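Undergrad: In terms of the numbering used here, the sequence shown opens at residue 9 and continues consecutively.
Can you read through this structure? Questions will come right after.
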Amino acid sequence: MREHLAGVRFVIVDEIHELAASKRGAQLTLGLERLERLADAPFQRIGLSATVGNPEEVAAFLGGVHSVRIIVVEVDKRYSYSVEFPTPDDEDFDLASDLATTPEAAARLRRIMDLINQRRSTLVFVQGRGQAESLGHKLGKMDPLIEVHHGSLSREQRHEVEDRFKAGELKGIICTSTLQLGIDIGDIDLTIQYLSPRQVSTLIQRVGRAGHTLGQSSEGITLSAYGEDALESIVAAVKARAGDLEKTEFHTEALDVLAHQLVGLSLDEEEMDLDEAYRVVTRAYPFRGLDRGEFEEHVRFLKSIGLISRKEGLSMRKKGRMYYYENLGMINDERRYPFIDVVTDRMIGTVGDEFWTLRARLGLNVILRGRVWRILQIDEERGVLHVLPSEDPLGALPGWDGELIPVPRDVAQGVGDLRERIAVEMERLGSVDDAVKALSEELGADEAALKAAADEINAHRGAGFPLPTKKRILLEAYEKYLIIHSGYGERVNRTLGAILDALLSDHDLIYSWWNDPY
């Protein structure tokens, strides 16, 4: 392997923002520093991305101690971002009855089908795998040329969907982020985002899948379902048009990454001096500020558990080699339980621990790949579910962990700001409709989407409550519950919740808590 790596001249990291924001990115930077020691000449590092909000910092992340030149490629490319809020008519009440859903959901489903039928090829992006299955199941009843694509379907099933779409055999795919990046599935005419994209960069990436050739425009339509969702979608669209992207944040000094890479360094050479190891580690951007004392304490810990030799410096142990190769990835492992179609003996997809432990039972109907399957046999020893296609129109959704993309602070704050602007315009103009019309023209937003939000705001203020905004946090007490309206995004609110939990649990004042971006 060393001989093959010695001749490396270029390392190209595509979609670098995706790696940089995770521990995989921290692992990459240390890997590049190790590779630099093995290469017989300096190599060029190239990072590619269309959605970086802080290019200087991402460039520094890639380069480490090396200088990096930022090249912005100006392309005459047109993007169209619109937000719609479908409302039900008489036809939707009948459709709702047929699909066992609400008239409001039926209106959104009918709008999706109308848009798909007006185009040749459409991707419908959703917020998670459960939503993909629910939507795919209902749309599949309306048109069999609609398929589902997400990470819990088997690779074989995903490739089959991709190939059929590329060959023009499918009208549309309901998908998660699995089709957000560079998989080649042919030309796409339109992307639909079902409910808020939650992040500006996500919206830009997804809309960019349409019209993916020179001279074509990329068109994306977001369908929102309720007032807050409409505001979030509008804020994301406005920011996307302005090129106002989220900044990529990095994992700094991740100790699990450091442990793995220190063991890796012990494998690179028979024995490595600690000064040289520290120099290699701190050349990587996420570890540039690592204290020497903390570094040596980490080395002592790895020696104490037998992952590296107790000799001076870093040297290999057999146990360390096994640990290194068994833990190459930074993605958390979760056991997956395969669904096997007994008719074809093919794997359809997988479900997680919660479904296997709490919900799986013989005879249960489950929706996977947009179809209903009946559990025929549960193989406890092998952890496998054998299923049979079912004609039953209803089924349970498996549910998966880690479904939603977190709403960043800038988007959540934008929602609070827009909420306040709607209230100010209603007061200035004297009516909801006039305020909606004025803001619709200014923001390029669908009037129905703005009206859904404005009606909620009007009802809230009409009840005599102050409005939570960008600068106003609202505390609401109800029986034994405390609700804090804090529009600072997912991560800030999760941190705030953890702090309050720690402070109040000592006094037995908190039994459980939950947060969202607002």
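Note that beta-carbon positions come from the ideal geometry of N, C-alpha and C, so glycine has one too.
Predicted model, so just to flag it, every value in this text is computed and none were measured.
Does DSSP put Ala404 in a helix, in a strand, or in coil?
TA: Here residue 404 refers to the residue found at position 396 of the sequence shown. Here Ala404 sits in strand by DSSP.
Undergrad: So Val395 packs on Val440, CB below 8 Å; how close in whole Å?
TA: Working through the sequence shown from its first residue, we reach residue 395 at position 387. Working through the sequence shown from its first residue, we reach residue 440 at position 432. Going by Cβ atoms, the distance from Val395 to Val440 rounds to 50 Å, so no, they are not a contact pair.
Undergrad: Would you report the Cα separation of Leu315 and Gly72, rounded to the nearest angstrom?
TA: Counting from 1 along the sequence shown, the entry for residue 315 is found at position 307. Counting from 1 along the sequence shown, the entry for residue 72 is found at position 64. Looking at the two C-alpha atoms, the distance is approximately 27 Å.
Undergrad: Is the beta carbon of Glu92 closer than 9 Å to that of Ala457?
TA: What you label residue 457 is simply residue 449 of the sequence shown in a count that begins at 1. What you label residue 92 is simply residue 84 of the sequence shown in a count that begins at 1. Yes; because the gap between Cβ atoms is below 9 Å, this pair is in contact.
Undergrad: By the three-class DSSP mapping on this structure, what secondary structure does His12 have?
TA: The residue given as residue 12 occupies position 4 in the sequence shown. Correct three-state label for His12: helix.
Undergrad: Quick one: measure Cβ to Cβ for Asp197 and Thr260, integer angstroms, because I've assumed they're closer than 8 Å.
TA: Taking the first residue of the sequence shown as position 1, residue 197 is located at position 189. Taking the first residue of the sequence shown as position 1, residue 260 is located at position 252. About 42 Å separates the two Cβ atoms, so there is no contact after all.
Undergrad: From this set, Arg287, Tyr489, Met330 and Leu405, which residue's C-alpha is nearest Leu366's C-alpha?
TA: Here the question's residue 366 lines up with position 358 in the sequence shown. Comparing Cα-Cα distances from Leu366 to each of Arg287, Tyr489, Met330 and Leu405, the minimum goes to Leu405.
Undergrad: Counting only the same chain and skipping the five closest in sequence on each side, list residues whose C-beta sits under 7 Å from that of Val246.
TA: Translated into the one-based positions of the sequence shown, residue 246 becomes position 238. Around Val246: Leu451.
Undergrad: According to the neighbour-count rule (16 or more other Cβ atoms, all chains shown, within 10 Å of its Cβ), is Glu342 buried or exposed?
TA: On the sequence shown, residue 342 is found 334 positions in, with the first residue counted as 1. Exposed, by the Cβ-count rule.
Undergrad: Going by C-alpha distance, which of Ile191, Gly403 and Ala233 is nearest Arg214?
TA: Working through the sequence shown from its first residue, we reach residue 214 at position 206. When only C-alpha atoms are compared, the closest one is Ile191.
Undergrad: Count the other CB atoms within 10 Å of the CB of Thr352; is the residue buried (16 or more) or exposed (fewer)?
TA: In the sequence shown, the residue the question calls residue 352 occupies position 344. Thr352 should be labelled exposed.
Undergrad: Could you tell me whether the region 240–254 touches the region 264–277, where touching means 3 or more Cβ pairs closer than 8 Å?
TA: Touching, no, given that fewer than three Cβ pairs across the two stretches are closer than 8 Å.
Undergrad: Pick out whichever of Leu123, Thr358 and Arg287 has its Cα sitting closest to the Cα of Glu227.
TA: On the sequence shown, residue 227 is found 219 positions in, with the first residue counted as 1. For the residues Leu123, Thr358 and Arg287, the minimum Cα distance to Glu227 belongs to Leu123.
Undergrad: Decide yes or no for the touch test of the region 507–521 against the region 419–437: beta carbon pairs closer than 8 Å, at least 3 of them.
TA: These segments do not touch.
Undergrad: Would you grab the beta carbon distance between Ala537 and His158 for me? Rounded to a whole angstrom, and I think it's under 8 Å.
TA: The requested residue 537 does not occur in the structure, where the chain is confined to residues 9 to 526.
Undergrad: Helix, strand or coil, according to DSSP, for Met330 in the structure here?
TA: Taking the sequence shown and counting its residues from 1, one reaches residue 330 at position 322. Looking at Met330 - three-state DSSP - the assignment turns out to be helix.
Undergrad: Could you tell me whether the region 175–188 touches the region 61–69, where touching means 3 or more Cβ pairs closer than 8 Å?
TA: No contact exists between the region 175–188 and the region 61–69.
Undergrad: I need the DSSP call for Gln213, collapsed to helix, strand or coil.
TA: Here the question's residue 213 lines up with position 205 in the sequence shown. Helix, per DSSP.
Undergrad: Please state the DSSP three-state secondary structure of Gly314.
TA: As a position in the sequence shown, residue 314 is number 306, starting the count at 1. Coil, per DSSP.
Undergrad: Express the C-alpha separation of Leu117 and His468 in angstroms, rounding to a whole number.
TA: Here the question's residue 468 lines up with position 460 in the sequence shown. Here the question's residue 117 lines up with position 109 in the sequence shown. Spanning the two alpha carbons is a distance of roughly 29 Å.
Undergrad: Counting along the chain, where does the alpha helix (DSSP H) carrying Ala108 start and finish?
TA: Counted from its first residue, the sequence shown places residue 108 at position 100. No alpha helix (DSSP H) holds Ala108; DSSP gives it neither H nor E.
Undergrad: Quick check on the DSSP output: the alpha helix (DSSP H) that includes Gln139 runs from which residue to which?
TA: Taking the first residue of the sequence shown as position 1, residue 139 is located at position 131. Where Gln139 is concerned, the enclosing alpha helix (DSSP H) stretches over Arg137 to Met150.
Undergrad: On a Cα-Cα basis, can you pick out the residue from Val380, Leu38, Asp237 and Arg502 that is closest to Phe347?
TA: The count along the sequence shown starts at 1 and reaches residue 347 at position 339. Residue Val380 is the option with its Cα nearest to Phe347.
Undergrad: Find out if the Cβ-Cβ distance for the pair Met338, Arg32 is shorter than 9 Å.
TA: What you label residue 338 is simply residue 330 of the sequence shown in a count that begins at 1. What you label residue 32 is simply residue 24 of the sequence shown in a count that begins at 1. Against a cut-off of 9 Å, the Cβ pair of Arg32 and Met338 comes out as a contact.
Undergrad: Return helix, strand or coil for Gln421, following the three-state DSSP convention.
TA: Taking the sequence shown and counting its residues from 1, one reaches residue 421 at position 413. In this structure, Gln421 counts as helix in the three-state DSSP scheme.
Undergrad: From the DSSP output, which residues share a beta bridge with Ser226?
TA: Counting from 1 along the sequence shown, the entry for residue 226 is found at position 218. Tyr87.
Undergrad: How should Glu155 be labelled, buried or exposed, when 16 other C-beta atoms within 10 angstroms of its C-beta is the threshold for buried?
TA: Stepping through the sequence shown from its first residue, residue 155 is reached at position 147. Glu155 comes out buried.
Undergrad: To test your reading of the DSSP string, which unbroken alpha helix (DSSP H) runs of 4 or more residues are found completely within the region 231–274?
TA: Within the region 231–274, the complete alpha helix (DSSP H) runs of at least 4 residues are 235–250.
Undergrad: Kindly provide the ranges of any alpha helix (DSSP H) runs that are 4 or more residues long and lie completely inside the region 147–200, ordered along the chain.
TA: The region 147–200 contains these whole alpha helix (DSSP H) runs: 163–174.
Undergrad: Can at least three beta-carbon pairs, one atom from the region 133–150 and one from the region 408–422, be found at a separation below 8 Å?
TA: Counting Cβ pairs under 8 Å, three or more are found: they touch.
Undergrad: Any idea if Gly301 is buried or exposed, counting beta-carbon neighbours within 10 angstroms, 16 or more meaning buried?
TA: Residue numbering aside, residue 301 sits at position 293 when the sequence shown is read from its first letter. So Gly301 counts as exposed.
Undergrad: Terminal residues of the continuous alpha helix (DSSP H) containing Val289?
TA: Taking the sequence shown and counting its residues from 1, one reaches residue 289 at position 281. It spans Leu282 to Arg291 - the alpha helix (DSSP H) in which Val289 sits, taken as one unbroken run.
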